[in-house]
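The structure under discussion appears below in the form of structure tokens.
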Amino acid sequence: MHRRVLNWLALVAAGLLLLLLAFAPPSAPPQSLVSDVAKLEDRTAALDIGDVQEMAFAPSATHLAEGYTRSAFWFRMRLHRPEGKDESVVLRFFPPVLDEISVFTPAPDIRAGWTREDLHLRADTALRGTLVSVPPEGVEVFVRVASVGSITAAIDVMTRQAALSDGLGSDMEQFAYLALMLVLMVWSLRMYALTADRLFLGFAAVQIVWIPHNMLVFGYLPLLLDFGDGWQFWALRFLAIVNSVAGFAFHRAVLRRHDPPLWALRGLDVLTGISASMMFYYLLGDRALALRINGLCIFVFPFLLLLNVALARRGTGRGWSRCGWSICCSARRCSCGYSHCWASAMHRPMTAIR
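For what it's worth, the working numbering labels the leading residue of the sequence shown as 15, then goes sequentially.
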């Protein structure tokens, strides 16, 4: 009885919170802190700040979604001082998983040229970016980005206070997400101990890989461990491939219980084998190529999943119920596989002050 009352109280509290969020007053339109955004693709990945200053830049959107490429990209933009605020703004990239993000700002002594700050190595943990001093007339900056992995990023320019507030909100969301993953892992291990069903063990394996991967994406693990510059990006992408293999194998084990045709299951086996071989190719061969092939496997997987569910002969229902179940399974796998690239579709605006 006591537990039932607590459940009802939690449900009412959640409903009130949703109502508050739904009827919250709209925020004022954001003031633009950036203008004249332009982009240059460096196919050689060898140009420096001295080379690109006089080169032709093309007008750019407020985000970068180039996928897997060996090119480097340069942004040129003009930052503006916030009205009635301090003289600095925070420049941030999201998600912060690119191998190189170098910000070039004019040196205090004009004869010294440009000051370079490697955001991927020395980003302020609280601000999740770098402070740029902006004179009253504004300042032009250059940013170079390059990565072995998929180049997908959005740029935020905001005040220091807004960056601190946004970072605190992000930390709370990320802690809640990691706590959920930990609960799922412990629950699945407990269920395996009680039932000896290896399906629970497979689900636990997915969470065991997924938790450190997300701690790397969120930037928490590099604060606890230090193995040198850039190690977190190497480990993050390797764990992404490992998670693909674990996820493929887990879904294959689930589908097998619903008796799809053997040839459809073999398609999943081939995909899992290719992804597993990319783990070793990533360690011993071309990391960029290994990530591209693994990304292709992630892209193909939902279609194979749909095919197996549609052809299953036991336990998936009929008609619309089977269709709905297959779509939900595929959507879930897509959301896991592409979580590191979600900013390309839902990027935060570059000009926002929050």
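Ideal Cβ placement from N, Cα and C applies to all residues, glycine included.
All values reported here derive from a predicted model rather than from experimental measurement.
Work out the CA separation of residue j and residue i for me, nearest whole Å.
i, j, result
"L239", "L276", "45 Å"
"V117", "V155", "7 Å"
"A79", "A160", "12 Å"
"H354", "P109", "For H354, the predicted model reports a pLDDT of 38, less than 50, meaning its position is unreliable; a value from the coordinates is still stated below. When rounded, the distance between both Cα atoms is 7 Å."
"S147", "D300", "40 Å"
"A219", "D56", "40 Å"
"A263", "V157", "40 Å"
"P150", "V314", "51 Å"
"A326", "L320", "10 Å"
"D283", "R266", "8 Å"
"D12", "T119", "With the chain covering only 15 through 368, there is no way to say anything about residue 12."
"S184", "A121", "32 Å"
"D170", "A210", "48 Å"
"V66", "F189", "41 Å"
"G216", "R271", "14 Å"
"E68", "E114", "22 Å"
Could you say which of the options lies nearest to residue i if we only look at CA atoms?
i, options, result
"T83", "V103, R90, P73, L112", "L112"
"G64", "P96, W128, S85", "W128"
"L143", "S102, L298, L250, A304", "Residue identity differs from the one stated: residue 143 is Gly in this sequence, not Leu. Closest by alpha carbon: S102."
"A52", "A60, H77, T58, L61", "H77"
"N322", "L269, M292, T173", "L269"
"P306", "S164, H265, T173", "Reading off the sequence, residue 306 comes out as Arg, not Pro. Selected option, being the one with the closest Cα: S164."
"G261", "L133, D170, I222", "I222"
"M186", "A168, Y234, L215, V153", "Y234"
"L250", "F107, Y296, M69", "Y296"
"L54", "Y191, S85, Y206, G81", "S85"
"A254", "S202, M292, R130", "M292"
"N257", "A176, A121, G309, I169", "G309"
"I312", "F252, V259, W224", "V259"
"A59", "F294, R130, V162, F214", "V162"
"D62", "R106, L105, R130, H272", "R130"
"F8", "A167, W245, S49", "Beyond the ends of the chain as shown, which are 15 and 368, falls residue 8; an answer cannot be given."
"R174", "L105, A304, F217, G216", "L105"
"L303", "L318, L47, D50, G81", "G81"
"W224", "F252, M172, V153", "F252"
"L298", "W248, L318, A278", "W248"
If you follow the alpha helix (DSSP H) that residue i is in, where does it begin and where does it stop?
i, result
"S179", "174-209"
"T286", "276-298"
"V66", "63-66"
Spell out whether any CB of chain B is found under 8 Å from the CB atom of residue i.
i, result
"V146", "You won't find chain B in this structure, because it holds only one protein chain."
Which residues bound the beta strand (DSSP E) around residue i?
i, result
"V323", "Looking at the DSSP string, V323 is not in any beta strand (DSSP E); the run it does join, the alpha helix (DSSP H), is 301-325."
"V111", "Taken as a continuous stretch (DSSP letters only), V111 belongs to no beta strand (DSSP E), as it is neither H nor E."
"V155", "153-160"
"D56", "48-56"
"F89", "86-93"
"G81", "77-81"
"V146", "144-147"
With hydrogens ignored, establish whether the beta-carbon of residue i is closer than 7 Å to any heavy atom of the ligand ZN.
i, result
"S161", "You won't find the ligand ZN in this model; it holds no ligand whatsoever."
What are the start and end residues of each continuous alpha helix (DSSP H) run of 4 or more residues lying completely inside the segment 220-263, in chain order?
-> 235-238
Are three or more beta carbon pairs between the segment 80-95 and the segment 172-186 nearer than 8 Å?
-> no
Do the segment 284-292 and the segment 220-230 meet, that is, are 3 or more Cβ pairs less than 8 Å apart?
-> no
Determine, using beta-carbon pairs with one atom in the segment 181-195 and one in the segment 64-78, whether at least three such pairs fall under 8 Å.
-> no
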